[in-house]
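**Q** Residue numbers (our numbering): 1260 to 1514.
Pasting a structure here, questions to come.
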Ligand SMILES: Cc1cc2nc3c(=O)[nH]c(=O)nc-3n(C[C@H](O)[C@H](O)[C@H](O)COP(=O)(O)O)c2cc1C
């Protein structure tokens, strides 16, 4: 599965518009439901639920269905959602099902089995030709702006293509003493209120963790992961720590 995920890092893209949507069959919907049970969480004791609904049950105008994500609210639950759902984004690309993460989505039910609504993915099956053909053409920050340290198999030039809300790319990666440290950057300016941006950027960090781990696994690089609880919600709170909040560390195991 990791090889499939790796290849999909380059094929996936956000479908802001869907062309030639092919209705999903019951078989395909069942396959998606099964896949939802196979995703690996970042934090195993956070309860997460998914609901697949017709897009008309939400304010989303894209695709055919929306996958609604509900979670228990616990430490790092947003990173956990990003990490889990990015695996789904990659798997859906493999199945020629286009995706758009939809942070602006609104749903009728804010709760599902006691869990809180977090975010949705709009999905629709389409033709392979509509997926990304040349990932290097995607608009992203330069590697030198998001990565410092010796390169590991060119990791910085792959993981920087991870998707993020408003393409904000709120990450910084440092590699030193066999350790990759992933930071969340608290941006100064944004069209969104800062607490909303921090909320959604934590999901982005989980997405980046998925990209980093898919990359390391693909290259048979073993690692230990350590998570840090990120509680900063405004730029002012972040000033003392130079706007960079440590979210995770990967200790590379060399044998
Ligand atoms: C957490 C998250 C929320 C997003 N929310 C929206 C959204 O509300 N509307 C939208 O059009 N795109 C949304 N996007 C898609 C991003 O704009 C997109 O990922 C980014 O521009 C990079 O482009 P790419 O996904 O095609 O590589 C979201 C992406 C993420 C990761």
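A virtual CB, placed ideally from N, CA and C, is assigned to each residue, including glycine.
(1) Residues bridged to residue 1430 by DSSP?
(2) Taking just the CA atoms, how far does residue 1290 sit from residue 1298?
(3) Just the Cα atoms here: how many angstroms apart are residue 1250 and residue 1373?
(4) Strictly by DSSP, which residues pair up with residue 1324?
(5) Is DSSP giving residue 1507 helix, strand or coil here?
(6) Measure from the C-beta of residue 1370 to each C-beta in chain C and report whether the shortest distance is under 9 Å.
(7) So residue 1481 is in the beta strand (DSSP E); what residue range does that whole segment cover?
(8) Cβ of residue 1420 within 8 Å of any heavy atom in ligand 1?
(9) Please name the residue, chosen from 1454, 1427, 1353 and 1368, that lies closest to residue 1270 on a Cα-to-Cα basis.
(10) Using alpha carbons as the reference points, say which of 1327, 1273, 1287 and 1482 lies closest to residue 1426.
(11) By Cβ distance below 6 Å, which residues in the same chain neighbour residue 1337 in space, the five residues on each side in sequence not counted?
(12) Are at least three pairs of beta-carbons, each pair with one atom in the region 1392 to 1412 and one in the region 1360 to 1378, less than 8 Å apart?
(13) Residues in its own chain within less than 7 Å of residue 1505 by CB, not counting five upstream and five downstream?
(14) Do residue 1302 and residue 1261 come within 9 Å of each other at the CB atom, strictly closer than that value?
(15) Distance check for residue 1311 and residue 1286, CA to CA, integer angstroms please.
(16) Report yes if the C-beta of residue 1410 is less than 8 Å from at least one heavy atom of ligand 2; otherwise report no.
**A** Let's see:
(1) As a working mapping, residue 1430 is identified with position 171 in the chain shown. Beta-bridge pairing by DSSP links residue 1430 to 1443.
(2) Reading the chain shown from its first residue, position 39 is the one you call residue 1298. Reading the chain shown from its first residue, position 31 is the one you call residue 1290. Going by the C-alpha atoms only, they are around 13 Å apart.
(3) Since the first residue shown for the chain is 1260 and the last is 1514, residue 1250 is missing from the structure and cannot be characterised.
(4) Numbered from its first residue, the chain shown carries residue 1324 at position 65. BP columns for residue 1324 point to 1313 and 1382.
(5) By one-based count along the chain shown, residue 1507 stands at place 248. DSSP places residue 1507 in strand when its eight states are reduced to three.
(6) Reference to chain C is not applicable here, since this structure consists of a single protein chain.
(7) Counted from its first residue, the chain shown places residue 1481 at position 222. 1481 to 1486 is the span of the beta strand (DSSP E), which, as asked, contains residue 1481.
(8) Within the chain shown, numbered from 1, the residue matching residue 1420 stands at position 161. It does: the Cβ of residue 1420 is within 8 Å (strictly closer) of some heavy atom of ligand 1.
(9) The residue you call residue 1270 lines up with position 11 of the chain shown. Comparing Cα positions, the closest option is 1353.
(10) Against the chain shown, residue 1426 aligns to sequence position 167. Considering only alpha carbons, the answer is 1273.
(11) As a first step, residue 1337 is located in the chain shown; it is residue number 78 there, counting from the start. Only 1461 and 1462 meet the Cβ criterion.
(12) no
(13) Counting from one through the chain shown, the residue named residue 1505 turns up at place 246. Answer for residue 1505: 1440, 1442 and 1487, listed in chain order.
(14) Here the question's residue 1261 lines up with position 2 in the chain shown. Here the question's residue 1302 lines up with position 43 in the chain shown. No. Outside cutoff.
(15) Within the chain shown, numbered from 1, the residue matching residue 1286 stands at position 27. Within the chain shown, numbered from 1, the residue matching residue 1311 stands at position 52. Looking at the two C-alpha atoms, the distance is approximately 14 Å.
(16) As for ligand 2, it is missing from this structure, which binds only ligand 1.
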